[in-house]
Amino acid sequence: MIRTVTATRYVLPLREGGSLPAIVEADDLGIYVAKFRGAGQGVSALVAELVAGEIGRALGLPVPEIVLIEMDAALSRNEPDYEIRQLLKASVGLNLALDYLPGSTMFDPAARDAASAEEASLIVWFDAFTQNVDRTPRNANLLVWHRRLYLIDHGAALYFHHNWETMPSKIESAFAETAHHILLPWASRIEQASAHAHARLTREIFEGVLDLVPDEWLDDGRTALTPAQKRAAYADFFVRRLAASRIFEEEAMRAHAQLV
Ligand SMILES: Nc1ncnc2c1ncn2[C@@H]1O[C@H](COP(=O)(O)OP(=O)(O)OP(=O)(O)O)[C@@H](O)[C@H]1O
Ligand SMILES: [Mg+2]
23 MIRTVTATRY VLPLREGGSL PAIVEADDLG IYVAKFRGAG QGVSALVAEL VAGEIGRALG
83 LPVPEIVLIE MDAALSRNEP DYEIRQLLKA SVGLNLALDY LPGSTMFDPA ARDAASAEEA
143 SLIVWFDAFT QNVDRTPRNA NLLVWHRRLY LIDHGAALYF HHNWETMPSK IESAFAETAH
203 HILLPWASRI EQASAHAHAR LTREIFEGVL DLVPDEWLDD GRTALTPAQK RAAYADFFVR
263 RLAASRIFEE EAMRAHAQLV
C-alpha cells in the first residue's frame, strides 16, 4: 500500500538538490520532500525513486515513508519565482514525496559518522543491485536522524530504463561504481548481506513494488511498451539480477579488500 496526499503549500526549495526538490505541506498536515515529475530528469527518476526505495524497505533498510502527492494547477499561481513556477506547472498530476526528517544531517565520515558492518554491507549490496551511482563521499544521499541512517535519493538508480535496449546488458553488470560507495570502508560482510537479501527478495516482492507505480509514470511515450509490459520488464530485470548477484558481490568484496 502507498498513501496518496494532496499538496496544499509549496514551502521551500531545496536548492542543493539537482532536481529542484522542495519542502511541501500536504492535506494530511504532513511535511514532505517532494520530487517533481516536471524536473529535468523526467518521470523515470520518480519511478526509480519509488521502486528502488521500496526494494530497500523490503530489505529492511530505513527509507523515509514514500507517498504519492497530487499537485494541482493552483499551487503554481502564487509562486513568485519563475523557475519554480514553471516546474510546478510542468508537474500537475501525481508526483512523489518522502516524509521530511526535520533536523537530519548528511552522513559525513569527517564528522565521525560511522555505520555498522551489517548495515553498510547491505546498503552497498542494495545500491549495486539497483545500480545506484549516487551514494558517494561527494553526495552521500544518506541522512542521519536520531542517530539512525536513512536512505534518500534513488532517482539515479535503474539507469537502463532511460534506454530499454540496454537492459539485457545490465543484468550481469559487476557495477564497478561500487568502488566509490561512501559506505564501502565499513562493508566487510557482503556474504551476509547477500544471504539476507536472497532470503527477503522474491518475484512476488518485486511485483508488489511495481504495482505501486502509477500507470501515468510508466506511459512516457518513449517506448512501445504498455505500463503492464514495463512492470513485467522491471520484475524480470530484478529476478535475473538477483540470480546473477555473485557477479556484483565479488566486485564489492574485491573493492572493499583494496581499501583495507
Ligand atoms: N526526507 C528528507 N528529509 C530531510 N531532508 C531531505 C529529505 N530528502 C531530501 N532531503 C534534503 O534535500 C536534499 C535534496 O534531496 P535529494 O538528494 O533527494 O534531491 P536530488 O535533486 O536528487 O539531489 P542530487 O543533487 O543529489 O541529485 C538532500 O541532499 C537533503 O539535504
Ligand atoms: Mg541527493
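So in our numbering, spot 218 of the sequence shown is number 240, and the numbers just go up one at a time.
Just so it is clear, CB atoms sit at the ideal spot from N, CA and C, and this is done for glycine as well.
{"Query": "Check whether D121 and F129 have beta carbons under 8 Å apart", "Result": "no"}
{"Query": "Bridge partners - P35, DSSP secondary structure assignment", "Result": "A44"}
{"Query": "Spatial distance of L83 from I145 (CA atoms)", "Result": "8 Å"}
{"Query": "Cβ-based neighbour list, P35, same chain, cut-off 7 Å, excluding 5 preceding and 5 following", "Result": "L42, A44, I106"}
{"Query": "Per DSSP, the bridge partner or partners of A56", "Result": "A44, A119"}
{"Query": "Touching by the beta-carbon criterion (3+ pairs, under 8 Å), the region 204-215 and the region 226-240", "Result": "no"}
{"Query": "Uninterrupted alpha helix (DSSP H) stretches inside the region 151-205 (no shorter than 4 residues)", "Result": "189-192"}
{"Query": "Distance, V282 Cα to V46 Cα", "Result": "43 Å"}
{"Query": "Residue environment, G62, which counts as buried when at least 16 other CB atoms sit within 10 Å", "Result": "exposed"}
{"Query": "Sequence-distant residues of the same chain with beta carbon closer than 6 Å to A246, five excluded per side", "Result": "none"}
{"Query": "Residue closest to A70, alpha-carbon to alpha-carbon, out of T200, D175, E271", "Result": "D175"}
{"Query": "Chain-order list of residues whose beta-carbon lies under 7 Å from that of V114 (same chain, five-residue window excluded)", "Result": "M93, D94, A95"}
{"Query": "Below 5 Å from a heavy atom of ligand 2 - residues by beta-carbon", "Result": "N163, D175"}
{"Query": "Closer than 8 Å to chain B by CB, N163", "Result": "In the displayed structure, chain B is absent; only one protein chain is listed."}
{"Query": "As assigned by DSSP and simplified to three states, the class of A29", "Result": "strand"}
{"Query": "For M93, the first and last residue of its enclosing beta strand (DSSP E)", "Result": "88-93"}
{"Query": "Endpoints, alpha helix (DSSP H) assigned at W239", "Result": "237-240"}
{"Query": "8 Å Cβ cutoff met for A132 and A56", "Result": "no"}
{"Query": "Outcome for E272 when other beta-carbon atoms lying within 10 angstroms are tallied against a minimum of 16", "Result": "exposed"}
{"Query": "Spatially closest choice to E199 from L240, N161, D149, by CA coordinates", "Result": "D149"}
{"Query": "Own chain residues within Cβ distance below 6 Å of T127, not counting five before or after", "Result": "V166"}
{"Query": "Nearest to P207 (by Cα), restricted to the options K252, R157, A254", "Result": "R157"}
{"Query": "Coarse secondary structure for M23, derived from DSSP in three states", "Result": "coil"}
{"Query": "C-beta atoms of R253 and V235 nearer than 8 Å", "Result": "yes"}
{"Query": "Nearest candidate by alpha-carbon position, reference W239, set A67, G39, E38", "Result": "A67"}
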